[in-house]
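Trainee:
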Amino acid sequence: MDAYTQRLLHNRVTETLEAIDTTVAAADDEVLAVLGATELPMAVAALRALLDGHVLDDDGRCRACRTRVLRRPTPGCTIAATVHHAFTDHQRGRRALTAAATA
Ligand SMILES: [Zn+2]
């Protein structure tokens, strides 16, 4: 894939994520239910596709996250860690919003 097509693809994914964020922020319960049924499975499929290439070996190292050719992979997986941190940051944000709404 050439650089122009890569940029278009990246922009499309970014725009889709921004559209979902904007819609969720303004959605009522009915719209949230529709989004949960349509966009959530897409997000789960995208994350699974991303993580499918990042499998830890018996030593807990991810070959896909190897930083240099012929160098042993570093421990863990940067992609899995990034996804995990995004989830926990999102959960903390939701808890803070819930606490502020009930205070
Ligand atoms: Zn990895």
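Under the UniProt record's numbering, the first residue of the sequence shown carries the number 1, and numbering increases by one thereafter. Every residue, glycine too, gets a C-beta built ideally from N, C-alpha and C.
Would you grab the beta carbon distance between P75 and G53 for me? Rounded to a whole angstrom, and I think it's under 8 Å.
Mentor: Looking up residue 75 in the sequence shown gives position 75. Looking up residue 53 in the sequence shown gives position 53. Their Cβ separation, rounded to whole angstroms, is 17 Å, which puts P75 and G53 out of contact at 8 Å.
Trainee: What is the chain-ordered set of residues for which the beta carbon lies under 5 Å from any non-hydrogen atom of ligand 1?
Mentor: H54, C62, A64, C65, C77, I79
Trainee: Look up R92 in the DSSP assignment and say whether it is helix, strand or coil.
Mentor: The residue labelled residue 92 in the question sits at position 92 within the sequence shown. Residue state, collapsed to three classes: helix.
Trainee: What did DSSP end up calling P41 once you bin it into helix, strand or coil?
Mentor: Here the question's residue 41 lines up with position 41 in the sequence shown. Helix, per DSSP.
Trainee: Rounded to whole angstroms, what is the Cα-Cα separation between V31 and V13?
Mentor: Sequence index remark: in the sequence shown, residue 31 carries index 31 (1-based). Sequence index remark: in the sequence shown, residue 13 carries index 13 (1-based). C-alpha separation (whole angstroms): 21 Å.
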